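Which chain is which? The protein sequence lines are A and B, in order.
Going by numbering that gives the first Met the number 0, the first sequence opens with residue 0, and the numbers climb by one from there.
Going by numbering that gives the first Met the number 0, the second sequence opens with residue 0, and the numbers climb by one from there.
Let me begin by presenting the structure, written as structure tokens, before commenting on it.
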Amino acid sequence: MADTITMQVARYRPGQEAEPVFQSYDVPLRKEWAVLDGLNHIKDHVDGTLSYRWSCRMGICGSCGMTVNGSPVLSCATFLTDYAPGPVRVEPLRNFPVVRDLVVDIGDFMAKLPSVKPWLIRDDEPPEGEYLQTPDELDDYKKFSMCINCMLCYSACPVYALDPAFVGPAAIALAQRYNLDSRDEGAADRRDVLSSAEGVWACTFVGECSTACPKGVDPAGAIQRYKLTAATHALKDFLLPRGAR
Amino acid sequence: MTYVKPISTLWWLRRPSYFLFALRELSSVFVAWFVVYLLMLVSAISAGPEAYHRFLDWSTGRVLVLNVVALLFVLLHAVTWFNLAPRAMVVPHVPPVVVLVLHYLLWLGLSAALAWVVLR
Ligand code: SF4
Ligand code: FES
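Right, here's the structure in full:
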């Protein structure tokens, strides 16, 4: 195994460049090093001006998403050796405006997220103590609750690229996380946003969001499932008198 | 001052899954064509035997090739649609593969019934 690998890192310094340029760095190739470790090496020893986001280094915080050799990945969970002999091309996540180097602006998602009301909605007063739930009921929504807001799914989605108004995979999966929770009563409050043209119906099932998701959330599945729910509701609204719905 | 990367016109060639998606979107044109073809067939039949035979003669050569291509696209559409079914229909305690197989069985059954009506 060669002892170094070349990383081609996209640099964008507003005021200095009109569009990103690639800069090559040779970094040690170690078995236990992730792409993020390579970047940290560059920042600590070669070029302190390189900007990128990271925190936990263990696939939990969701802040280190990048495009590595064309695919959206968590840079802390992607090993350099998998790209040997290199080069490894590191770019910011696609479909988001680049602030600087590898840092993107995810404000669009942050603005959309509250529109699906991702919290428990109840009509009654909270009980003394906790709401009870069986393990089976937990399983109904558990995988949708694993989302770490890493935005890999938005980066992988061509529909979001073409139609930025699309509510998007993670936000819809998070809506389903609450819709399918036995303690929640807010499904009707989420319906207008989810079943709008920018909601589930914008999705044409490319499926790349679920492929990209590092947490097995399966946002594509969440969306298709809601399509069926929305269609059933539309049919009921059409066929049944108001009182019987 | 942020940088927004322009989307290339050939973005759908970047990944196999994007390409398949583009083909599936395109397949709707062929589904529409089959509807038109069926309506033409019905109108030819209702216009009498002569018109029907003229329609059959017309349905060879280039039209036949078009219909074969259309059939392939419609099959792609149907298969990708059916493979999606278990992810949209989550039935408690029923494994996804059962949902999938039931869909295909239903498809087969309906096709067989139609074939029986037409060919009998
Ligand atoms: S659904 Fe998956 S890919 Fe999308 S933000 Fe959540 S964890 Fe990341
Ligand atoms: S650094 Fe937290 S997920 Fe990668």
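Here a beta-carbon is modelled for each residue, glycine too, at the ideal position from N, C-alpha and C.
Model, not experiment: these values are computed from the prediction.
Item: On the three-pair Cβ rule with 8 angstroms, is the region 192-200 of chain A touching the region 39-55 of chain B?; Value: no
Item: When you get a sec, list the residues whose CB is within less than 6 angstroms of any heavy atom of ligand 2, chain order please.; Value: Trp53(A), Ser54(A), Cys55(A), Arg56(A), Gly58(A), Ile59(A), Cys60(A), Gly61(A), Ser62(A), Cys63(A), Leu73(A), Cys75(A)
Item: Relative to the alpha-carbon of Val26(A), which residue among Val72(A), Thr80(A), Glu90(A), Val158(A) has its alpha-carbon at the smallest distance?; Value: Thr80(A)
Item: One question on the structure: do Glu136(A) and Ser70(A) come within less than 8 angstroms of each other, judged by their Cβ atoms?; Value: no
Item: Just to confirm before moving on: does the CB-CB distance between Pro213(A) and Ala33(A) stay below 8 angstroms?; Value: no
Item: How about Cys156(A): is its Cβ closer than 7 angstroms to a heavy atom in ligand 1?; Value: no
Item: With a threshold of 6 angstroms on Cβ separation, who are the neighbours of Phe165(A) within its own chain once the five nearest residues in sequence on each side are excluded?; Value: Val158, Tyr159, Glu197, Ala201
Item: Evaluate contact between the region 91-104 of chain A and the region 45-61 of chain A, counting only Cβ atoms and requiring at least three cross-stretch pairs below 8 angstroms.; Value: yes
Item: Residue ranges of each alpha helix (DSSP H) run of no fewer than 4 residues wholly in the region 172-228 of chain A, ordered along the chain?; Value: 186-193, 207-211
Item: Just by C-beta distance, which residues in the region 200-233 of chain A are closer than 8 angstroms to chain B?; Value: Thr203, Phe204, Val205, Gly206, Glu207, Thr210, Asp217, Ala219, Gly220, Gln223, Arg224, Lys226, Leu227
Item: Anything in the region 131-143 of chain A with a Cβ closer than 7 angstroms to a Cβ of chain B? List those residues in chain order, please.; Value: none
Item: What residue range does the alpha helix (DSSP H) around Tyr24(A) cover?; Value: It is not in any alpha helix (DSSP H) - Tyr24(A) instead sits in the beta strand (DSSP E) that spans 20-27.
Item: Which residues in the same chain as Gln22(A) place their Cβ atom closer than 7 angstroms to its Cβ, once the five residues preceding and following it in sequence are excluded?; Value: Val8, Arg10
Item: Let's test the definition: count the other Cβ atoms within 10 Å of the Cβ of Leu173(A) and tell me whether it reaches 16, buried, or not, exposed.; Value: buried
Item: Can you give me the start and stop residues for the beta strand (DSSP E) that Arg247(A) sits inside?; Value: The requested residue 247(A) is not part of the displayed model; chain A covers only 0 to 244.
Item: Nearest chain A C-beta to Phe72(B) closer than 8 angstroms, yes or no?; Value: no
Item: Chain A beta carbons: is any one of them nearer than 8 angstroms to that of Trp10(B)?; Value: yes
Item: Do Ile44(B) and Tyr36(B) have their beta-carbon atoms positioned less than 8 angstroms apart in this structure?; Value: no
Item: Locate the alpha helix (DSSP H) running through Ala112(B), then write down its first and last residues.; Value: 95-118
Item: Using beta-carbon positions only, say whether Thr79(B) and Arg13(B) come within less than 8 angstroms of one another.; Value: no
Item: Measure the beta-carbon distance from Ala211(A) to Leu151(A) and round it to whole angstroms, keeping in mind my assumption that it falls under 8 angstroms.; Value: 4 angstroms
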